[in-house]
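Report on one structure; see the data block that follows.
Residue numbers (this note's numbering): 49 to 407.
Shown next as structure tokens:
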């Protein structure tokens, strides 16, 4: 069978503060492309047009625009951070492109030009907190990178912990890449929370985990101050080293064999297959808007991972702990539909406001 060749874009950073995550996403995309191109049952094949933003936020939008204007690309696989995703959305809207985004994210978005193929908070953070509080307690410290992911994860955690009868003892942020952790760690040492939610990324996270590990060693207690994370995956184990041992994480997938790629690579690979499944035997469908493409696939009875209303993928929930440089599964929950705006939350147990009218 002669395959139709379709250009797709790849927009991931090979350098910079979060390059470890970006490179495993890139690996998953290229693996998916190789699988599609080798599949004789499909009439589509992909060729990759790649641009490297080098971890610089100001490069994402121009490179996205370049691909959409100057190549045959309509579908782009890329972006790791939410800030980079938000940078390219105006270009996608202007030039009628689609972004396949395969990193865990903080929710509160459903753009018709974005396919969200990893998990949002009702599929990662909320189940992880529900798992942790009965086991460790409900007095919690939050630490995160000072950008969208860190802010929103903290906001959601604050509300959820409150409904679980707990308390946020501290909520601190660092600029991306910053490793100036002395004040944060001293505060954690003084407060002695039941656990810590770590939403730092890249070098900030690796340094934090190493310093926290040193604190445990000095106390002679390897089990103190458990750390929870929704954005740390197998792709960062090598960079973090032994400091990440014992971490609890949630996601749709953890590797059974030690490969070092994890859920971001796997969700990237599956995203390539998802697009190929929509385009197969549908000549010209690559030019359709993403929502129309999903609707066409649904009408034809094709398997869908993406919700036709919010373009988010339903996902299983797996909770695991890092032991011996491998995540060991602790709990697996059935597949959950994405609820990016957290519309199904119960507000009845939230503390009543103390605001009062004054004159």
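Glycine residues also receive a C-beta, built at the ideal position from the N, C-alpha and C atoms.
In the DSSP assignment, residue 189 falls within the unbroken beta strand (DSSP E) covering 187-193. By the Cβ test, the segment 310-324 is in contact with the segment 137-154, since at least three Cβ pairs between them sit closer than 8 Å. In the structure shown, residue 386 falls within a coil segment according to DSSP collapsed to helix, strand and coil. DSSP places residue 244 within a strand segment (E or B) once states are collapsed to three. The segment 353-364 makes no contact with the segment 102-120; the number of CB pairs closer than 8 Å stays below 3.
Distances from the CA of residue 316 to each of 333, 81, 135 were compared; the closest alpha carbon is that of 81. Between residue 218 and residue 235, the C-beta gap is smaller than 9 Å, which places the two residues in contact. Taking 9 Å as the cut-off, the beta carbon of residue 163 is found closer than this to the beta carbon of residue 147. An exposed status is given to residue 290, since fewer than 16 other beta-carbon atoms sit within 10 Å of its beta-carbon. The three-state secondary structure of residue 151, taken from DSSP, is coil. Pairwise C-beta distances place the segment 103-110 out of contact with the segment 333-349, as fewer than three of them are shorter than 8 Å. Taking the Cα of residue 74 as reference, the smallest distance to any Cα among 57, 301, 89 is reached at 57. A distance of 9 Å or more separates the beta carbons of residue 388 and residue 161. As the crow flies, the alpha-carbon of residue 377 is around 18 Å from that of residue 166. When the five nearest sequence neighbours on each side are left out, the beta carbons in the same chain lying within less than 6 Å of the beta carbon of residue 380 are those of 366, in order along the chain. Residue 79 and residue 124 have their C-alpha atoms some 16 Å from each other. Taking C-beta atoms under 8 Å as the contact rule, residue 190 and residue 202 qualify, at a distance of about 5 Å.
Selection 276, 284, 352 evaluated against residue 323 yields 352 as nearest (Cα-Cα). By the criterion of a C-beta distance shorter than 8 Å, residue 143 is surrounded in its chain by 113, 116, 117, once the five residues flanking it on both sides are discounted.
Per the C-alpha coordinates, the member of 295, 227, 318, 177 positioned closest to residue 374 is 295. For residue 370, the uninterrupted beta strand (DSSP E) segment begins and ends at 363-371. The bridge partners DSSP lists for residue 125 are 58, 148. Remark: C-beta atoms of residue 282 and residue 261 do not approach each other more closely than 9 Å.
The three-state reading of DSSP puts residue 275 in strand, counting E and B together. Counting only residues of its own chain and dropping the five nearest sequence neighbours on each side, residue 385 has a CB closer than 7 Å to the CB of 355, 362. The residues 358, 388, in chain order, have a CB closer than 6 Å to that of residue 158 in the same chain once the five nearest residues on each side in sequence are set aside.
In the three-state reduction of the DSSP assignment, residue 392 falls in the coil class, being assigned neither a helical nor a strand state. Here the segment 86-101 lies against the segment 57-71, with 3 or more beta-carbon pairs under 8 Å apart. The three-state reading of DSSP puts residue 219 in strand, counting E and B together. Look at the segment 313-371 and you find these whole runs of alpha helix (DSSP H), each 4 residues long or longer: 338-347. Beta-bridge partners assigned by DSSP to residue 95: 55.
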